[in-house]
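The sequence shown begins at 632 in our numbering and counts up by one. Down below is the structure, laid out as structure tokens.
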Amino acid sequence: MQKVNSSKHRWLICAAWPYVYGVPHLGNLIGSILSADVAARFLRLIGNEVVFVSGSDMHGTPIEVEAIKRRENPKDLAERNHKIIKELFEKWNISFDNYSKTESPVHVKFVQDFYKKVYENGYVFSDKVQMYYCPKDKIFLPDRYIVGTCPYCGYDKAYGDQCENCGRLLEPTLLINPRCAICGSTPELRTTEHWFFDLPRLSQELEKYIEENDNLPPNARNMSLQILRDGLKPRALTRDNKWGIPAPFPGAEGKTIYVWMEAVLGYISATIEYFENKGEPEKWKEFWLDKDTRSVYFIGKDNIPFHTIIFPALLLASKQGYVLPWTVSSTEYLLFKGLKFSKSKRIGIWIDEALEVFPVDYWRFVLLSLRPELRDMNFSWEDFIRIINNDLNDNIGNFIHRVLVIAYKKFSGKVPEPGEYTEEDKSLENMIVHYSGEIAESMMNFRMREALGKILQLSSSGNSYLNSRKPWELESKEAATAIYVALHLIKALAIMLYPYIPSSSQKIWNQLGYSDDISAHRWEEIKEPVPVGQTIPEPKPIFRKLTDEDIKKATEKIEELRSQKAV
């Protein structure tokens, strides 16, 4: 368990790169981008140096095939989708230091230079192989465009590179009853030459890395060790499709780097690009070559092998001294009414639709309340209205508004000077300090849902305190003490909630009379009360309760948006 202490670290926060084939859904968001944002914001709050990177995964066959269908250039389609996704993340208040793309010139150059080194180090070889070719679509089918039955678990919709059901890494030829994912016809095997990464040569180093890395969560460690026990196989580095980064290997003209094997390198190239744009072109090395750096990867559980085996193996094969992943924070699945998200079946909610019906902080709060940290979690509209009404509005919002209204009316909009503390006053002050430590510890272990539960417990204690002390009935001096302590709790809640609901936390901050940006402050300020005499503006409710009618209108609006897209 990671503890918060006075020592500071350099952190590299990496979120899995969304593929630009479509807009991410809520499950995609909580599994990587949103969780990473909360971690980055918290780590900055406790005074660490943080670089938070991600980007759009733009290459590969899906975009190429879609562009062919639309009769346009795949680059134009990918760039357009990248722009849409990037703007959506801005609306979701994701605090990237750099949200890049795999079509970035920095990334393209880095990938080619990187693989030249891996090739020179003897970890790349070529071989003539048989690959599936669809005679109907006249295209060699990459892994994700072959589906069939998994030989390990029997799942009948496994992809050619990985089974989403059991998580095993696969090769297309292992699938039972393979079929083309584009047209559904049976593909045929044809001979072609490809270049391969000699993954088995790194088995011992990988096993040592995983076994000695105490920071890896149990699910990542166990899955990775099982894959190693089953035996690693060489992984294809090249593809026959045109839309991608040209392979830099001698004789590989006309081949491109397999999208999965170049997108993971984006974590490095995005860091390089970030510091180049800042005019500090050498500083990226502090984050990738200094062993004291802690790099954390926020991913869904289906991405574990790529971040605990393949990516570390590539870093080792480069022999450049890159920092290996310090840990992965992998989530289970977020389901929608018990089912997997599916655009074709209209199951789920997508991040563009969500913002059309409710404020972004409502969504952030609900998704983080349901973050699937230990098991699959279920989203439903019933959950949404319950969490907003009971937790965000009644627990947090009601406490804040009641205290601010009393302070504004009873003490002329000024923070009152406290008198002598009662045992109840002291108890709540002690709880603020105690919970700040417990919440920070949960956050350091990237248990955002767990930490949010503790914030709600603290806020609930504030409500109980207010109901017990009844400052509206007390004499002026005693009431002043109760309100002073309650305002201190509001300040603590504003800082604690900042990583989760940054816009709303800023509003709470301003209602306490602070005029600056809450992000400029630090976690340890939780222990400091609001200054006596500070002016409190006239309070306004931060949140509001939702009704069944609100949900009805939201679902109708989402269906309307989908109908417009279908036209």
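From the three backbone atoms N, C-alpha and C, an ideal C-beta is built for every residue, glycine too.
| Item | Value |
| --- | --- |
| Along the alpha helix (DSSP H) that carries I982, what are the first and last residues, could you check? | 982-988 |
| Go to N729, then tell me how far its beta strand (DSSP E) extends in each direction, as first and last residue. | 729-732 |
| Quick one: is E904 buried, meaning 16 or more other Cβ sit within 10 Å of its Cβ, or exposed? | buried |
| Touching or not, the region 998-1018 and the region 1169-1183, by the rule of three or more beta carbon pairs under 8 Å? | yes |
| Under three-state DSSP, which class holds S757? | strand |
| Less than 6 Å between C-beta atoms, sequence neighbours within five positions excluded: which residues of the same chain meet that for Q743? | P879 |
| Just the Cα atoms here: how many angstroms apart are S1150 and L676? | 7 Å |
| With distances taken Cα to Cα, identify the nearest neighbour of N712 among Y650, I725, N1141. | Y650 |
| Tell me which residues share the same chain as C814 and place their Cβ nearer than 8 Å to its Cβ, disregarding the 5 neighbours each side in the sequence. | C765, K767, D768 |
| Grouping DSSP H, G and I as helix and E and B as strand, with all else coil, what is N679? | coil |
| Assign P736 to buried or exposed, taking buried as 16 or more other Cβ atoms, counted over all protein chains shown, within 10 Å of its Cβ. | exposed |
| By Cβ distance below 6 Å, which residues in the same chain neighbour G658 in space, the five residues on each side in sequence not counted? | L965, F972 |
| Suppose only complete runs of 4+ residues qualify. What are the alpha helix (DSSP H) ranges in the region 1040-1128, listed by chain order? | 1054-1075, 1079-1100, 1107-1128 |
| Leaving out five residues before and five after F745 in sequence, what residues of the same chain have Cβ atoms less than 7 Å from its Cβ? | L896, S949 |
| Using 8 Å as the Cβ pair cut-off and three pairs as the minimum, do the region 981-993 and the region 1053-1060 touch? | no |
| Can you give me the Cβ contacts of E1048 inside the same chain, cut-off strictly under 7 Å, excluding the 5 residues immediately before and after it? | A1111, V1163 |
| Looking at the ligand GTP, does it come within less than 6 Å of L1087, judged from the CB to the closest heavy atom? | Within the structure as shown, the ligand GTP is missing, as the structure has no ligands at all. |
| Relative to the alpha-carbon of T733, which residue among Y889, V954, E1109, I725 has its alpha-carbon at the smallest distance? | Y889 |
| Pick helix, strand or coil for Y786, following the three-state DSSP scheme. | coil |
| What three-state label does DSSP hand D688 in the structure shown? | strand |
| Decide yes or no for the touch test of the region 745-761 against the region 663-677: beta carbon pairs closer than 8 Å, at least 3 of them. | no |
| Using the Cα positions of L1143 and L1124, report the straight-line distance between them to the nearest angstrom. | 11 Å |
| Could you tell me the distance, in whole angstroms, from the CA atom of K922 to the CA atom of K914? | 14 Å |
| According to the Cβ coordinates, are G791 and P782 closer than 7 Å? | no |
| Let me confirm a value: D688 is counted as buried when at least 16 other C-beta atoms fall within 10 Å, else exposed. Which label applies? | buried |
| Under DSSP, the beta strand (DSSP E) around N1009 begins and ends at which residues? | 1008-1010 |
| For a minimum of 4 consecutive residues, which ranges assigned as the alpha helix (DSSP H) are wholly contained in the region 915-948? | 915-919 |
| Measuring straight from C-alpha to C-alpha, what distance separates Y953 and G882? | 28 Å |
| Closest to F673 by CA distance: which of S726, P705, K722, V654 is it? | S726 |
| So, Y763 versus P693, is the Cβ gap smaller than 7 Å? | no |
| What separation, rounded to the nearest whole angstrom, lies between the Cα atoms of N636 and I1031? | Since pLDDT at N636 reaches only 49, below the 50 mark, its modelled position is unreliable, and no value is offered. |
| Comparing alpha-carbon positions, which option in S1073, E836, P655 lies nearest L856? | E836 |
| Could you please give the first and the last residue of the uninterrupted beta strand (DSSP E) stretch that includes H825? | 819-828 |
| Can you tell me where the beta strand (DSSP E) with V959 in it begins and where it stops? | 958-962 |
| Please report the distance separating the alpha-carbon of V1198 from that of L1192. | Unreliable placement is indicated for V1198, whose pLDDT of 39 sits below 50; the coordinate value is still reported in the next sentence. Going from the Cα of V1198 to the Cα of L1192 covers about 10 Å. |
| Which term fits D758, buried or exposed, when burial requires 16 or more other beta carbons within 10 angstroms of its beta carbon? | exposed |
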